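Peer 1:
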Amino acid sequence: MARGNETRALSSIDLALWDIKAKLAGLPLYRLLGGFRKKIPVYIAGGYYAPDKGLKELQHEMAGYVGLGAKAVKMKIGAVPIKDDIARVKAVREAIGPDIRLLLDANCAYRAYEAIQFAKRAEEFDPFWFEEAVQPDDYDGFGKIAAQTTIPLATGENEYTKHGFRDLINTKAIAILNPDARYMGGITEFMKVAAMAQAHGLDIAPHGDQQAHLHLLAAIPNALMLEYYPPKVMASAEGVYLYTPTLDSDGTVTVSEQPGVGLEPRPEALEPFRIG
Ligand SMILES: [Mg+2]
Numbered sequence: 001m002a003r004g005n006e007t008r009a010l011s012s013i014d015l016a017l018w019d020i021k022a023k024l025a026g027l028p029l030y031r032l033l034g035g036f037r038k039k040i041p042v043y044i045a046g047g048y049y050a051p052d053k054g055l056k057e058l059q060h061e062m063a064g065y066v067g068l069g070a071k072a073v074k075m076k077i078g079a080v081p082i083k084d085d086i087a088r089v090k091a092v093r094e095a096i097g098p099d100i101r102l103l104l105d106a107n108c109a110y111r112a113y114e115a116i117q118f119a120k121r122a123e124e125f126d127p128f129w130f131e132e133a134v135q136p137d138d139y140d141g142f143g144k145i146a147a148q149t150t151i152p153l154a155t156g157e158n159e160y161t162k163h164g165f166r167d168l169i170n171t172k173a174i175a176i177l178n179p180d181a182r183y184m185g186g187i188t189e190f191m192k193v194a195a196m197a198q199a200h201g202l203d204i205a206p207h208g209d210q211q212a213h214l215h216l217l218a219a220i221p222n223a224l225m226l227e228y229y230p231p232k233v234m235a236s237a238e239g240v241y242l243y244t245p246t247l248d249s250d251g252t253v254t255v256s257e258q259p260g261v262g263l264e265p266r267p268e269a270l271e272p273f274r275i276g
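Under the numbering used here, the letters of the sequence shown match residues 1 to 276, in that order.
#1: In the DSSP assignment, the beta strand (DSSP E) including R101 goes from what residue to what residue?
#2: Within this structure, are the beta carbons of A205 and I169 separated by less than 9 Å?
#3: Could you check if E131 belongs to the surroundings of ligand 1, using beta carbon to heavy atom distance under 8 Å?
#4: Looking at E124 and N178, is the spacing between their C-beta atoms short of 9 Å?
#5: For G171, I'd like the list of residues in its chain whose CB is within less than 6 Å of its CB, leaving aside the five on either flank, ordered along the chain.
#6: Just checking D105 against ligand 1 - is the residue's beta carbon closer than 8 Å to any of the ligand's heavy atoms?
#7: How far does the alpha helix (DSSP H) with V89 in it extend, from its first residue to its last?
#8: What residue range is occupied by the uninterrupted alpha helix (DSSP H) comprising I169?
#9: On the three-pair Cβ rule with 8 Å, is the region 4-20 touching the region 41-48?
#10: For a test of your reading of the model: does the CB of N178 fall under 8 Å from any non-hydrogen atom of ligand 1? Yes or no.
#11: Should H207 be counted as a contact of ligand 1 given a C-beta to heavy atom distance under 8 Å?
#12: Near R166, which residues of its chain fall below 8 Å by C-beta distance, leaving aside the five closest residues on each side in sequence?
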């Protein structure tokens with residue numbers, strides 16, 4: 001199975017070829033791919049660990065994302081003892097209220113038995129998903145966790161190609177797939193994975209890059225949410241690209257009608273990287 005840097009390089013070329021195709025057709029990518037919707041729900045990812053970030057600061061941060069219009073927010077877990085993470089999750093749930101989706105991302109920090117311990121204690125705080133509970137290739141571990149918790153499992157940011165996602169889907173443990181078109185094989189491969197997921201009743205919530213993934217989510221019926229960084233959260237999200245989506249008060253962003261995949265850079269943003 002193709003993995004790693006070769007597939008990442010192929011993905012970049014694939015994205016560029018789709019960009020050329022869409023521009024030649026005079027269409028935004030999502031329309032070229034069929035066009036399913038214009039507005040996409042987003043989640044704002046934050047809640048990282050920091051030395052000076054206590055429970056109060058974490059609550060303030062996560063409630064701030066809700067204040068920006070987000071109906072879903074994501075926080076990190078897995079870097080401190082389980083009881084301390086449970087206190088963090090409890091604090092965030094109290095801060096954002098019962099109606100905001102709370103996503104938890106462990107970045108592969110747990111063994112399966114630890115993930116089960118965590119999930120059992122976290123369930124009362126109604127997490128929307130439990131992301132990368134164990135190592136990307138630990139399909140057996142995902143199966144064990146899924147058998148022990150009602151929290152939907154999400155993973156896929158470190159999965160590659162339709163063959164990898166086929167095997168991941170075959171575990172029957174994952175509810176939400178997080179493919180990243182920049183890594184896993186480009187737009188061509190992403191669309192195949194999305195169709196395969198649809199046939200298995202699974203939703204797609206891509207990892208990272210709101211620019212190209214916005215078009216892909218607007219093109220597929222099983223789109224769940226876009227990982228989104230508003231300018232207030234990540235200044236570079238606004239500075240690099242010519243057209244950036246803005247968050248509406250209903251927690252969605254609207255896909256651009258500009259031809260192409262949505263990765264048009266701002267020329268002045270590239271200037272510092274010019275060689276010669
Ligand atoms: Mg993640």
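In this text, a Cβ means the ideal position worked out from N, Cα and C, and glycines have one as well.
The structure displayed is predicted, hence computed values, not measured ones.
Peer 2: In short, the structure shows the following:
#1: For R101, the enclosing beta strand (DSSP E) begins and ends at R101 to D105.
#2: no
#3: yes
#4: no
#5: The question names Gly, but residue 171 in the sequence shown is Thr. Y139, F142 and G143.
#6: The nearest non-hydrogen atom of ligand 1 is less than 8 Å from the C-beta of D105.
#7: I82 to I96
#8: T161 to N170
#9: no
#10: yes
#11: The answer is yes for H207.
#12: Hits under 8 Å: M196.
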